[in-house]
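Protein chains in written order, with my numbering: chain A, 625 to 777; chain B, 625 to 777.
Printed below as a string of C-alpha cells:
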C-alpha cells in the first residue's frame, strides 16, 4: 500500500482519530505500574486532590494519544519517529468511562537541513472527551520521508 | 512521616533516582500496547530505522522516568501533580538490557500567584544509561504545598 510522505501533510489540515473508551481498571493498572500517585489509584484519596476525583495519569493520556495516532496515520506513513515533545498541557482530568478521541492539526512543515531525504511535520494534538472538551494538548514534530529528496520547498 | 514541601527544593539541587533494568520483553510489550512502530517491536525491522536497532518507545522512557521519580521523591512529598511538560528530547535509543537512572536538577522555584498555599518547582530530568550517557531529557514543573501559605519568597 502507498504510504504517506512528508509532502502529503499541509499546514492547517485537521483529522480526528480514535475513539478509545478508557476504563477505571486501565487507569488504576497504568498508575500502579508507572505513576502510583493517590489521585490515579483510589477514589477516596483522589477526592482530596486537585483532580477532585479519580483521573488517569497524564502519562497514560499521552500513551493513549500515541496509540490513537499510530493506528490513525503514523503506521500508514513513512514516519521515522519524533525527536521529542515541544509541550504537553494537562488541562482537565480524564475520568473513568470516558470515550476519548484525538484532533490532530498540522501547524507547519519544513525540510531537514542535515538530511535531504527527510522533513519535519509539526502537529498540535488535542485529546477530546465525549463532549468535545479538550482534556490535554500536545505539540510535537514527526520526521517523515520526502518523495523528492532535497527538492526546493 | 514528614513530607517534602515547596520550600525544601532549592535551585541547583541535584539527586539521582533508580536504577531500573529495562528488558526486551518490557520494551516489546509496551510498544504493542501504546506505540506499535517497527523500531520498538522487532529487531530486523528496527535495524533499518533511524534507531539502528530495537529501542524503547520514547513514551516508555517517560513512563519509567515517572516511576523512578515517584519512588524517589514524589510520593514522599506534598506534590499536587504537574500542569504539563515543557519539553522532552529523545537523544539516544534505550536498548534492551540497559539499566537506567534519573538525574533530577532543580532549575527554579516560584510561588503560585493564584493559589497562595502552593508553589511550583521546575525540574530538569535526565535519563542516564549504565555509562552515564544522557538518553532523554525532560523539563517539567511540579506543584507542591507551601509550609507557609502566602509568605514572602
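Beta carbons are placed, not taken as given, at the ideal position from N, Cα and C, and that holds for glycine.
Small disclaimer: the values here were computed from a predicted structure and weren't measured.
**Request:** Answer yes or no: do residue 719 of chain A and residue 677 of chain A have a C-beta to C-beta separation smaller than 9 Å?
**Result:** Result yes, Cβ atoms of residue 719 of chain A and residue 677 of chain A sit closer than 9 Å.
**Exposed unless 16 or more other CB atoms sit within 10 angstroms - verdict on residue 648 of chain A** = By the neighbour-count rule (16 or more Cβ atoms within 10 Å), residue 648 of chain A is not buried but exposed.
**Residues near residue 703 of chain A in its chain [Cβ-Cβ closer than 6 Å; skip 5 each side]** = Counting only Cβ-Cβ distances below 6 Å, and skipping sequence neighbours, we find 766, 768.
**Asked** How should residue 645 of chain A be labelled, buried or exposed, when 16 other C-beta atoms within 10 angstroms of its C-beta is the threshold for buried?
**Response** It is exposed - the Cβ of residue 645 of chain A has fewer than 16 other Cβ atoms within 10 Å.
**Request:** Check distances from the C-beta atoms of the segment 649 to 676 of chain A to those of chain B and list, in chain order, the residues that come in under 8 Å.
**Result:** Answer set for the segment 649 to 676 of chain A: 657, 658, 659, 660, 661, 663, 673, 674, 675.
**Message:** In the DSSP assignment, the beta strand (DSSP E) including residue 713 of chain B goes from what residue to what residue?
**Reply:** 711 to 714 is the extent of the beta strand (DSSP E) around residue 713 of chain B.
**Message:** So residue 665 of chain A and residue 672 of chain A are supposed to be a Cβ contact under 8 Å. How far apart are they, rounded?
**Reply:** A Cβ-Cβ distance of about 13 Å is found for the pair residue 665 of chain A and residue 672 of chain A, leaving them out of contact under the 8 Å criterion.
**Request:** Starting from residue 743 of chain A, follow its DSSP beta bridges and name the residues at the other end.
**Result:** A:735, A:768.
**Message:** Rounded to the nearest angstrom, what separates residue 748 of chain A and residue 737 of chain B at their Cα positions?
**Reply:** Residue 748 of chain A and residue 737 of chain B: Cα-Cα distance of roughly 28 Å.
**Item:** residue 640 of chain A to residue 725 of chain A span [Cα, whole Å]
**Value:** Cα to Cα, the separation comes out at about 7 Å.
**chain B contacts made by the segment 695 to 709 of chain A, where a contact means CB separation under 9 Å** = From the segment 695 to 709 of chain A, only 695, 698, 699, 703, 704, 705, 706, 707, 708, 709 have a Cβ closer than 9 Å to chain B.
**Item:** Residues that residue 639 of chain B bridges to, as DSSP identifies them
**Value:** The partner list for residue 639 of chain B (beta bridge, DSSP) reads B:728.
**Asked** Between which two residues does the beta strand (DSSP E) harbouring residue 619 of chain B extend?
**Response** Any question about residue 619 of chain B goes unanswered here, given that chain B covers just 625 to 777.
**Distance, residue 752 of chain B Cα to residue 750 of chain A Cα** = A straight-line Cα-Cα distance of about 31 Å links residue 750 of chain A and residue 752 of chain B.
**Prompt:** Do residue 588 of chain A and residue 730 of chain A have their C-beta atoms within less than 9 Å of each other?
**Reply:** With chain A running from 625 to 777 in the structure shown, residue 588 of chain A is simply not present.
**Message:** Within a Cβ cutoff of 8 Å, which residues of the same chain sit near residue 757 of chain B, ignoring the five residues on either side of it in sequence?
**Reply:** These residues qualify, in order along the chain: 716.
**Request:** Compute the distance between the beta-carbons of residue 660 of chain A and residue 691 of chain B, then report whether it is under 9 Å.
**Result:** The answer is yes: Cβ separation under 9 Å.
**Residues near residue 745 of chain A by beta carbon distance below 7 Å, same chain, minus five either side** = Excluding residues within five positions, the ones whose Cβ falls inside 7 Å are 630, 633, 730, 733, 765, 766, 768.
**Message:** In the DSSP output, which residue or residues are listed as bridge partners for residue 657 of chain A?
**Reply:** BP columns for residue 657 of chain A are empty, so no partner.
**Prompt:** Which residues in the same chain as residue 637 of chain A place their Cβ atom closer than 8 Å to its Cβ, once the five residues preceding and following it in sequence are excluded?
**Reply:** Only 729, 730 meet the Cβ criterion.
**Message:** Looking only at its chain, what residues have a beta carbon closer than 8 Å to the beta carbon of residue 714 of chain A, apart from the 5 residues adjacent to it on each side?
**Reply:** 682, 685, 759, 760, listed in sequence order.
**Request:** Apply the 10 Å Cβ neighbour rule to residue 771 of chain A and answer buried if 16 or more other Cβ atoms are within range, or exposed otherwise.
**Result:** By the 10 Å Cβ count, residue 771 of chain A comes out exposed.
**Message:** Quick check on residue 684 of chain A: does DSSP put it in helix, strand or coil?
**Reply:** For residue 684 of chain A, the secondary structure class from DSSP, reduced to helix, strand or coil, is helix.
**Message:** If I follow the unbroken alpha helix (DSSP H) through residue 631 of chain B, where does it start and stop?
**Reply:** Where residue 631 of chain B is concerned, there is no enclosing alpha helix (DSSP H), because DSSP gives it neither an H nor an E.
**Message:** Distance cutoff 9 Å, beta carbons only. Does residue 751 of chain B sit that close to anything in chain A?
**Reply:** Residue contact with chain A for residue 751 of chain B: absent (no Cβ-Cβ distance below 9 Å to any residue of chain A).
**Request:** List the residues of chain E whose Cβ lies closer than 8 Å to the Cβ of residue 690 of chain A, in chain order.
**Result:** Given the protein chain composition of this structure (A and B), no chain E is represented.
**Request:** Put residue 644 of chain B into one of helix, strand or coil per three-state DSSP.
**Result:** The answer is strand: DSSP assigns residue 644 of chain B an E or B state.
**Message:** Considering only DSSP beta bridges, list what residue 649 of chain A is partnered with.
**Reply:** Residue 649 of chain A is not bridged by DSSP to any residue.
**Prompt:** What number of angstroms, rounded off, separates the C-alpha of residue 754 of chain A from the C-alpha of residue 723 of chain A?
**Reply:** Note on geometry: alpha-carbon atoms of residue 754 of chain A and residue 723 of chain A lie some 6 Å from one another.
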